[in-house]
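Scroll down for the structure; my scribbles are underneath it.
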Amino acid sequence: MSLWLGVPRWSALVARANKSFPLRGHGWTGAGHAARTDFRSLSKLSTELAFAFLDCEFGGLDVEIHDLTEVGLILTDARLEESAEAQWRVRARPDRVSPEAAQIFGYDEELWAKAPGVRQVLTEIVEMLPKDRKVIPAGQNVRMDVIFLERAFKSCGIPYPFDYHVIDLATLFYSWSLVAGEPARAISLRQAATTAGLLGSGGVAHRALEDARLTLECFRHYIARLAPREPAEMPAPPSAPSTSESAPDAG
């Protein structure tokens with residue numbers, strides 16, 4: 003297990019975002035649609051919640067026939083300030099890793115054979131989580147990660163440690179696209195990161211911790227750009243079809 007502790011300054015993250023998307027007054031400006039947000043109000047957010055930004059790699063997409071192969075986790079508070087991160091390879095059965103998945107995340111049978119078993123990994127995850135608050139899974143299409151983790155915890159007889167709610171980047175990105183008036187071409191991590199200018203030349207890494215980190219940075223980017231707008235700044239709604247266009251064919 004690789005564990006890192008640290009709490010980056012939220013104000014520095016906001017400053018970097020504002021440098022890329024200059025703010026002028028209140029609301030939204032220019033093509034970047036940057037929003038002025040009163041981040042002082044974030045201090046009032048619940049201290050009873052923590053977020054676990056998750057990304058898992060699998061031997062395929064079917065929980066019944068594929069194994070969990072990698073877990074990346076970044077813990078934050080409700081303001082998205084980090085407290086810890088960790089990543090694990092998970093020992094997987096070769097016959098439960100499809101050739102397609104192996105190519106995507108770089109599976110090496112010899113390397114993964116030396117990885118800790120799923121029970122050890124799950125135990126270390128539980129030990130890492132704060133015990134004094136609800137820990138909500140967060141991620142991109144995090145439903146898939148939750149499905150595999152729930153199955154693994156159940157199979158090992160370990161109580162599932164996360165809250166039953168989740169928050170998902172896909173929903174946040176789509177909401178931003180509606181507010182910004184910029185229709186989303188897709189709701190993938192690749193599209194969200196590309197639109198935010200956060201995706202490097204190598205594309206999405208398909209490694210658990212790197213993808214969890216990219217997802218968290220996308221969360222910060224889009225949250226910083228969601229703010230109230232004046233009615234005149236809102237995108238015009240689509241025009242309703244005329245009566246002749248919407249009436250059924252009488253013939």
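Numbered according to the numbering used here, the sequence shown spans residues 3 to 253. Beta carbons are placed, not taken as given, at the ideal position from N, Cα and C, and that holds for glycine.
Burial check for Tyr166: the Cβ neighbour count within 10 Å stays below 16, so the residue is exposed.
Separation of Lys156 and Leu56 (C-alpha to C-alpha, rounded to the nearest whole angstrom) is 18 Å.
Excluding sequence positions up to five before and after Leu201, its CB lies within less than 8 Å of the CB of Arg192, Ala195 and Leu216, all in the same chain and listed in chain order. Here Ile76 is buried, its C-beta having at least 16 other C-beta atoms within 10 Å. Taking the Cβ atoms as the reference, Ala54 lies roughly 5 Å from Val137, within the contact range of under 8 Å. With a cut-off of 8 Å on Cβ pairs, the region 101-115 is not in contact with the region 131-148, counting fewer than three such pairs. By the 16-neighbour rule on beta-carbons within 10 angstroms, Thr78 is buried. Secondary structure of Arg209 (DSSP, three-state): coil.
By alpha-carbon distance to Glu87, the top candidate from Ala94, Ala214 and Ala226 is Ala214. Sequence-distant Cβ neighbours of Ala210 in its own chain, meaning closer than 7 Å and more than five residues away, are Asp57, Cys58, Glu59, Glu72, Val73, Gly74 and Gln89.
Taking 8 Å as the cut-off, the Cβ atoms of Cys220 and Leu171 count as close. Per DSSP, Ala86 is one residue of the beta strand (DSSP E) stretching across Glu84 to Arg91. Here Val120 is not near Val148, since their CB atoms are 8 Å or more apart. Straight-line spacing of the CA atoms in Ala186 and His208 works out to 22 Å. CA-CA distance, Thr49 to Glu84, rounds to 14 Å. At a Cβ-Cβ threshold of 8 Å, Ala198 and Ile169 do not count as neighbours. Spatial neighbours of Leu51 in its own chain (CB-CB distance under 7 Å, excluding positions within 5 residues in sequence) are listed in chain order as Ala80, Arg135, Lys136 and Ile138.
Contact check for Arg222 against Leu82 passes: the beta carbons are separated by less than 8 Å. DSSP, read as helix, strand or coil, puts Ile169 in strand.
Scanning its chain for C-beta atoms nearer than 7 Å, with the 5 sequence neighbours on each side dropped, one finds around Ile67 the residues Arg98, in chain order. Rounded to whole angstroms, the gap between the alpha carbons of Leu113 and Pro96 is 11 Å. DSSP, read as helix, strand or coil, puts Thr49 in coil.
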